[in-house]
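Going by full-length UniProt numbering, the first residue of the sequence shown is number 1, and it counts up by one from there.
For every residue, glycine included, the Cβ atom is placed at its ideal position computed from N, Cα and C.
Report on the following structure.
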Amino acid sequence: MSDSNLTTNAITFSNWRHPFKLTSFQLASTPLDNQVLVKTQAVSINPVDIIIKSLYPPCIFGSSDKVVGGDFSGTIVKAGSKTSFKPADRVYGSVFNGFGISGSFSQYLLIDPKNAMFFDRIPEEMPFIQAACLPMVGGTALQVLETYKRPLKDTNILILGAGTSVGYYTIQLAKNYYGVKFVASTCSSRSFERVIKAGASKLIDYTKGSTHEVNDILEAVKGHGKFDVVIDIVRDTSLYPYLDKILKTKKEGGMFIEIRALKNMDYKGLGIFSVTPPWRYLWEYYKSLLGFSSFEIAEISDDRDDKFGGVIEKLWGERKLQVAVDSVWEFGEYAQAFERITAGDVKGKVVLTVD
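Okay, here's the thing in structure tokens:
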């Protein structure tokens, strides 16, 4: 390490032809006035971190190394004079940028906190591993609930894909922060215990087929009324023909929200159509946008939300936040950790500790 640069090891990729690898490169050791230098302690893996490589053809993106990852936790080594942070602050955040080159899977990070997707101090007594799990999935959960733009207290919501990490935190925020009364959740029976602990009111096993799923949802409507919000995390198109029986209309304050996630977790067959919205959703979305539908169909915003840190701090301090960790790996074991994700059936976040 020199006065002006330090050597950092990072997990990188170049394009879809080449595997992930460990790469060493030089990073400025003195941050600019608006930057902080962070020593990374832990990073968590999101499916998009693995997916993104399959969307980088060499003819467009060349062979330059790109640092993968978004979520991290760590300790500030140096802080610029125009930031609100200081050395030794414990911080966490997400620097994910689908078309950038500076991801979080690196021993050191040079960050402008105001340009990060999320960046804040870690709540007191929260370990680095748990903090690294939260930014992207927890932030997405907050964004989807904030998309409603109306009070959520005492409402009924339906979450399609509650067994996912985003679904897991959406349930907790809905019940423990927003005061939602009833949360119906679709997931596989393998996720029942975890989803119940998160606060779900009713479980629906989607693996029994779409007819069973729809009938169980209609039974929930009979008991609790139509849903104020339907949140689709897994691109489930089975409900569109039944929206008039399940969801309140726009005039009644209802909203259908889709998160643009994978249709399935088949990482071997990934392509551009794996991450594009289903045609049925697009049809309903544009009908709603153009005023030809009685339902409000929405998508979440990718904008930075400065509310997230305060929400997490409040729930953690009140002991109303559970953080699910599937497994923890050393930084050099990234290949095995990625395989854990692609094998499926993870029960929480997969984390790499960074030395």
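Would you check if the distance between the CB atom of residue i and the CB atom of residue j is smaller than 8 Å?
i, j, result
"Tyr168", "Ala324", "yes"
"Ser44", "Asp65", "no"
"Ile246", "Leu239", "yes"
"Thr30", "Ser14", "no"
"Val36", "Ile122", "no"
"Ala220", "Thr186", "no"
"Leu152", "Val311", "no"
"Ile231", "Leu160", "yes"
"Thr7", "Val38", "no"
"Val351", "Ile52", "no"
"Leu158", "Ile217", "yes"
"Gly291", "Arg150", "no"
"residue 441", "Thr147", "Residue numbering for the chain in the displayed model covers 1 to 355; residue 441 lies beyond these limits and cannot be assessed."
"Thr140", "Asp228", "no"
"Ser104", "Thr40", "yes"
"Lys248", "Lys222", "no"
Short of 7 Å in beta carbon distance, which residues of its chain neighbour residue i, apart from the five on each side in sequence? Order them along the chain.
i, result
"Lys21", "Thr12"
"Ala116", "Gly93, Ser94 and Val95"
"Val346", "Asp326 and Arg340"
"Ile50", "Tyr267, Phe338, Ile341 and Thr342"
"Ala198", "Tyr168, Ile171, Gln172 and Gln322"
"Phe192", "Leu203"
"Lys181", "Asp154, Thr155 and Asn156"
Going by alpha carbons, who is nearest to residue i out of the options?
i, options, result
"Lys175", "Ser188, Ser191 and Lys202", "Lys202"
"Tyr108", "Ile341, Phe331, Leu315 and Lys307", "Phe331"
"Val183", "Val328, Ile204 and Gly209", "Ile204"
"Pro278", "Thr237, Ser293 and Asp305", "Thr237"
"Thr96", "Ser81, Pro135 and Gln130", "A small fix is needed here, since residue 96 is Phe in this sequence, not Thr. Measuring from the Cα of Phe96, the nearest candidate turns out to be Pro135."
"Glu124", "Thr155, Phe105 and Leu315", "Leu315"
"Val166", "Ser81, Ile300 and Tyr281", "Ile300"
"Ala131", "Ala42, Gly291, Tyr334 and Ser294", "Ala42"
"Ser73", "Asp49, Ser81, Glu146 and Phe119", "Phe119"
"Ser327", "Gly348, Ala28 and Asp49", "Gly348"
"Asp33", "Thr23, Gly80 and Val67", "Gly80"
"Phe308", "Tyr285, Arg150, Val144 and Lys78", "Val144"
"Lys114", "Thr40, Asp306, Gly344 and Ile217", "Asp306"
"Glu296", "Leu243, Thr342, Glu333 and Ile52", "Leu243"
"His212", "Lys197, Lys82, Ser188 and Gly225", "Ser188"
"Val354", "Met126, Ser106, Tyr206 and Ser24", "Ser106"
"Pro19", "Thr40, Leu27 and Val68", "Val68"
"Pro241", "Thr207, Ile157 and Trp283", "Trp283"
"Lys250", "Pro127, Tyr285, Glu333 and Thr164", "Tyr285"
"Arg17", "Arg319, Ala28 and Ser54", "Ser54"
"Gly344", "Arg190, Val91, Arg90 and His224", "Arg190"
DSSP three-state label for residue i, please.
i, result
"Met1", "Unreliable positioning characterises Met1 in this predicted model, as indicated by a pLDDT of 43, which lies under 50. The coordinate reading is nonetheless provided below. Reduced to three states, the DSSP call for Met1 is coil."
"Ala200", "coil"
"Ile11", "strand"
"Leu32", "coil"
"Val67", "strand"
"Ile129", "helix"
"Leu37", "strand"
"Lys53", "helix"
"Arg17", "coil"
"Val77", "strand"
"Phe192", "helix"
"Val43", "strand"
"Val91", "strand"
Excluding the 5 residues flanking residue i on each side, which residues of the same chain have their C-beta closer than 6 Å to its C-beta?
i, result
"Asn46", "Met136"
"Met1", "Residue placement at Met1 is poorly supported in this model, since its pLDDT is 43, which falls under 50; the coordinates are not used for a value here."
"Gly317", "none"
Taking 8 Å as the limit between beta carbons, can you name the residues of its chain near residue i, skipping five residues before and five after?
i, result
"Leu321", "Gln172, Asn176, Ile312 and Leu315"
"Lys86", "Ile76 and Ala79"
"Lys82", "Asp33 and Asn34"
Can you determine whether any heavy atom of the ligand SAH sits closer than 7 Å to the C-beta of residue i, and answer yes or no?
i, result
"Tyr148", "Questions concerning the ligand SAH fall outside what the structure shown contains, since it holds no ligand whatsoever."
Legend entry - Segments of 4+ residues assigned as alpha helix (DSSP H) that fall wholly inside the stretch 288–354: 308–317 and 334–343
Inset, instruction - Could you tell me which uninterrupted alpha helix (DSSP H) segments, each at least 4 residues in length, are contained entirely in the stretch 133–190, listed from first to last along the chain? - result: 135–146 and 165–176
Legend entry - Every unbroken beta strand (DSSP E) within the stretch 202–267, with a cutoff of 3 residues, ordered by chain: 202–205, 229–232 and 255–258
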